[in-house]
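Reading through the structure tokens given below for one structure.
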Amino acid sequence: MANLNIDAVKERTFQAIVIGSGLSGSWAAKELCEHGVKTLVIERGRDVKHIKDYPTTNMLPYEFEHRGQIPQEIQKENPVVSRCYAFREDAAHFFVKDKEHPYVQEKPFDWIRGYQVGGKSLLWARQVQRWSDFDFEGPARDGFAVDWPIRYKDIAPWYSHVEKFAGVSGNKDGLPNLPDGEFLPGYPLNVVEKYFQDQLKQHYGDTRHMILARCAHINGNFDYYAQQGRAKCQSRNLCQRGCPFGGYFSANSSTIPWAEKTGNMTMRTDAVVHSIIYDEEKGKATGVRIVDAHTKEMEEYFADVIFVNAAALNTNLILLNSTSNRFPNGLGNDNGLLGKYVAFHNYRAGISAEYEGHLEYTTQGGRPTSGYFPRFRNVLKQETDFLRGYAAGFSANRGSYSDQSGIGMELKESLLNPDKYGPWRVGSHMMGETIPKESNYVALDPNQKDDWGMPLLRINVDYDDNDEKMVKDYLEQMTEMFEKAGFTNIQTRDDHRAPGLDIHEMGGVRMGKDSKTSLLNGNHQLHAVPNVYVTDGASMTSTATQNPSLTYMAFAARAAHHAMKTLG
Amino acid sequence: MKRRDALRSLALITGGLVLVPSCDFSKEDILSAYQNLNITPSLKQLLADIADTIIPAGNIKGAADIEVQDFILVMVNDCMDEEGQKTFMNGLNSFEDFSKKTAGSSFGKLDQKQKESLILSGLSSEDESQKEIRDFLRTTKRFTTQGFMMSEYIQTQVKPYSLIPGEYKGDVLIADLKPVRING
Chain A
1 MANLNIDAVK ERTFQAIVIG SGLSGSWAAK ELCEHGVKTL VIERGRDVKH IKDYPTTNML
61 PYEFEHRGQI PQEIQKENPV VSRCYAFRED AAHFFVKDKE HPYVQEKPFD WIRGYQVGGK
121 SLLWARQVQR WSDFDFEGPA RDGFAVDWPI RYKDIAPWYS HVEKFAGVSG NKDGLPNLPD
181 GEFLPGYPLN VVEKYFQDQL KQHYGDTRHM ILARCAHING NFDYYAQQGR AKCQSRNLCQ
241 RGCPFGGYFS ANSSTIPWAE KTGNMTMRTD AVVHSIIYDE EKGKATGVRI VDAHTKEMEE
301 YFADVIFVNA AALNTNLILL NSTSNRFPNG LGNDNGLLGK YVAFHNYRAG ISAEYEGHLE
361 YTTQGGRPTS GYFPRFRNVL KQETDFLRGY AAGFSANRGS YSDQSGIGME LKESLLNPDK
421 YGPWRVGSHM MGETIPKESN YVALDPNQKD DWGMPLLRIN VDYDDNDEKM VKDYLEQMTE
481 MFEKAGFTNI QTRDDHRAPG LDIHEMGGVR MGKDSKTSLL NGNHQLHAVP NVYVTDGASM
541 TSTATQNPSL TYMAFAARAA HHAMKTLG
Chain B
1001 MKRRDALRSL ALITGGLVLV PSCDFSKEDI LSAYQNLNIT PSLKQLLADI ADTIIPAGNI
1061 KGAADIEVQD FILVMVNDCM DEEGQKTFMN GLNSFEDFSK KTAGSSFGKL DQKQKESLIL
1121 SGLSSEDESQ KEIRDFLRTT KRFTTQGFMM SEYIQTQVKP YSLIPGEYKG DVLIADLKPV
1181 RING
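Chains as they are written, first to last, in this note's numbering: chain A, 1 to 568; chain B, 1001 to 1184.
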């Protein structure tokens, strides 16, 4: 029996464990496996194999019973996920349903989740903008949160590393606040977007820019991506179904199969992580306890190094639930800050308008990206009555439509021959930096547990006065820019959406220089348990304005290489 | 019982009928596919006639030819809230009365022109007492249009849908486009 037990432990022992197979976890796994590290990847959801498990990917519009719309009954049962723009009939199977995975909203928070191999990397918006030191130095300059322990120079080579492999299309814009990267050819801006670019130059000189947003789509260097079995993006704009071409980066199409191919990766799906095992004698983490999603049996796996990449809030949940005599309040939580200083991106405001120029032009075909405003507020110095600022999306659209006022043959002819052209429609939405605060936190519910025995997560996150001022400023500044460009019929909106719907929740396990005021060091190790790394959104000290995924990927790759040095 | 058996076989063929146990044979059976709506075969036929007036057959098929009424009922049953469903059903149930009152005859007996003007007057009615007719017709028109344009027939045989839209061009001169006219 003794030998059997030793064998069982041996079978369950790896050099590294990565919790989570999504965008950041898969990057850690890929780096580790590629360099010979025997790695167990633990995923709480089911397996989703590239192409094979994309059941809707080649379906035609008429094959969806409700033509994409989610039925009322499902919406009523799942109000949170139903508010997500991508929760449609073609991708609903990749989203967590509220009903199946409850949580406690102390304040309204729309928690959007994807529990499967690949996580939300199947569903993301694929926008990948680099941070600069204007972002990393934000907390220190403006006196909030704590100083980041790293700077742009620490992460720049890792941005390059992940951009090259993931495939990033974009233009070299030469902007210090949005550094250029390893870009494949960019997609075209249309004639009105270019016009708006020129207008900005005319009215604001070199202080405001609208550029092509960089996106994780393959648009060049095709032989290189063929090694991953991926091909050119076909601009289908059906990404949320999973892409049969591997045209955009997802863990499923890229990093997971790459890690698998090395023979060093073991994937354990349907395994809900309960906690990380801390050995008091050894003074380090030694493994992970999981609950089988189906049998509900608990199992233990062991490794020298553990990566926690369960997506920001679930990473907090796992660490908070990893208690021991040494860490009664959660793993590495000596200062009581675990779960605190959660932040997000403010997506509340938007603006739309019309443009009556360039009416001789329209557009054709598809593209997987649009225009982007890097932050222009408070970049070089503080200049407004609020801290930080916002980035913004921008696009102009035009297409033909049909007059649908009549009925009978008149309506039929009109529908079949859409030959009317209205003005160009232009629009923008804000992506505001929010300030992490101790009062924005997540915690374990003391009583309620889910079906797998995990405490429910209580979420207490809200906007503050800084966010309100920023919404107001965004709408004022955008209105001014739209007016200067001659756009008309300008409509502004503040939809007062709950935090979370941005799907950019961050923090709770922040990085910092000092173990008294942060959880992670500059290498993403828990100060108090250095063989545990956190490289997903939970590690974020501040949020900046850029879509965060690229930064998580770079963090994961960088931290994996650091961990390998400790493994020897 | 023979009638029941016959209906049962029909249900197997159409997949859409359920028997409401009843001895009152003047009552029609309810179609079970739309469990939130009380739809009888004759109401469904009326809806088909209305949809076919909105998009009639010509060189290419019309709404009823491709059974757009099925799509309308699925959408109303599954994707509208209870209030919307109630308004829709009230409108549908009172449509024959509306036809008799406004056009002087039941809908089926009107010619195409009369049918069209009846529907147009219902769609644009500002009379509060005809609110349900108006909302019912607006819903029906919306789903007829959607169901027709997003049908397999249109998207494969008339205007083939491409999953791959082609390279983006941001400055296409409209004057250079030569769309092929489709005669409905």
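Just so it is clear, CB atoms sit at the ideal spot from N, CA and C, and this is done for glycine as well.
Being a predicted model, the structure only gives us computed values, none of them experimental.
Can you give the Cα-Cα distance for residue i and residue j, rounded to whole angstroms?
i	j	result
L175(A)	G1122(B)	58 Å
I1054(B)	D1111(B)	13 Å
I407(A)	G422(A)	21 Å
Q546(A)	D180(A)	13 Å
D1065(B)	G1104(B)	27 Å
V48(A)	Y54(A)	8 Å
Y441(A)	N460(A)	5 Å
G453(A)	G1084(B)	41 Å
G1170(B)	A125(A)	21 Å
I490(A)	M506(A)	33 Å
Y248(A)	N1038(B)	46 Å
A538(A)	R510(A)	7 Å
A343(A)	V128(A)	19 Å
G1062(B)	T295(A)	54 Å
D1127(B)	T1144(B)	24 Å
D419(A)	S402(A)	6 Å
N177(A)	A391(A)	11 Å
K172(A)	R388(A)	25 Å
L416(A)	P71(A)	28 Å
C1023(B)	K1141(B)	Because C1023(B) sits at a pLDDT of 46, beneath the cut-off of 50, its placement in the model cannot be relied upon, and the following sentence gives the value as read from the coordinates. Taking the straight line from one Cα to the other gives about 37 Å.
G350(A)	W131(A)	23 Å
S24(A)	D465(A)	32 Å
Let me confirm a value: residue i is counted as buried when at least 16 other C-beta atoms fall within 10 Å, else exposed. Which label applies?
i	result
F394(A)	buried
P1021(B)	Low per-residue confidence applies at P1021(B): pLDDT is 41, beneath 50, and the placement is therefore not dependable enough to give any value.
K1178(B)	exposed
W368(A)	For clarity, residue 368(A) is Pro in the given sequence; the question names Trp instead. With 16 or more other Cβ atoms within 10 Å, it is buried.
V1068(B)	buried
V1180(B)	exposed
A1175(B)	exposed
V9(A)	exposed
H161(A)	buried
E1116(B)	buried
L32(A)	buried
S428(A)	buried
I1164(B)	exposed
I211(A)	buried
Using a C-beta to C-beta distance shorter than 9 Å, which residues of chain B count as neighbours of residue i?
i	result
R241(A)	Neighbours of R241(A) on chain B: none; closest Cβ ~10 Å, over 9 Å.
E299(A)	In chain order: nothing, as chain B lies at least about 41 Å away.
Going along chain A in order, which residues have a C-beta closer than 9 Å to the C-beta of residue i?
i	result
A1175(B)	E360
V1074(B)	E65, H66
T1053(B)	I407, G408
K1061(B)	Chain A residues near K1061(B): none, gap ~10 Å exceeds 9 Å.
Rounded to the nearest angstrom, how far is the Cβ of residue i from that of residue j, given a contact under 8 Å?
i	j	result
Y1168(B)	P188(A)	6 Å
K232(A)	N219(A)	7 Å
M540(A)	W27(A)	Rounded, the Cβ-Cβ distance is 16 Å, inconsistent with contact.
V81(A)	G332(A)	That belief does not hold up - the Cβ atoms of V81(A) and G332(A) are roughly 31 Å apart, past 8 Å.
R398(A)	T363(A)	6 Å
G20(A)	E43(A)	7 Å
If the criterion is Cβ atoms closer than 8 Å, does the pair residue i and residue j meet it?
i	j	result
A16(A)	F196(A)	no
V1076(B)	T1156(B)	no
V288(A)	I276(A)	yes
L40(A)	T266(A)	yes
F1107(B)	D1052(B)	no
A226(A)	G22(A)	no
H504(A)	F555(A)	no
R12(A)	Y301(A)	yes
F386(A)	D494(A)	no
V471(A)	N346(A)	yes
S1099(B)	L1073(B)	no
T543(A)	A559(A)	no
Which bits of chain D does residue i rub up against, with CB to CB less than 9 Å?
i	result
K1101(B)	Checking the listed chains, one finds no chain D in this structure; the protein chains it contains are A and B.
Just to make sure I have the definition right: I need the residues of chain A whose C-beta is within less than 7 Å of the C-beta of residue i. Which are they?
i	result
D1171(B)	N190, V191, Y361
L1120(B)	I407
Along chain B, which residues have their Cβ under 7 Å away from the Cβ of residue i?
i	result
Q69(A)	C1079
G365(A)	P1165, G1166, E1167, Y1168, K1169
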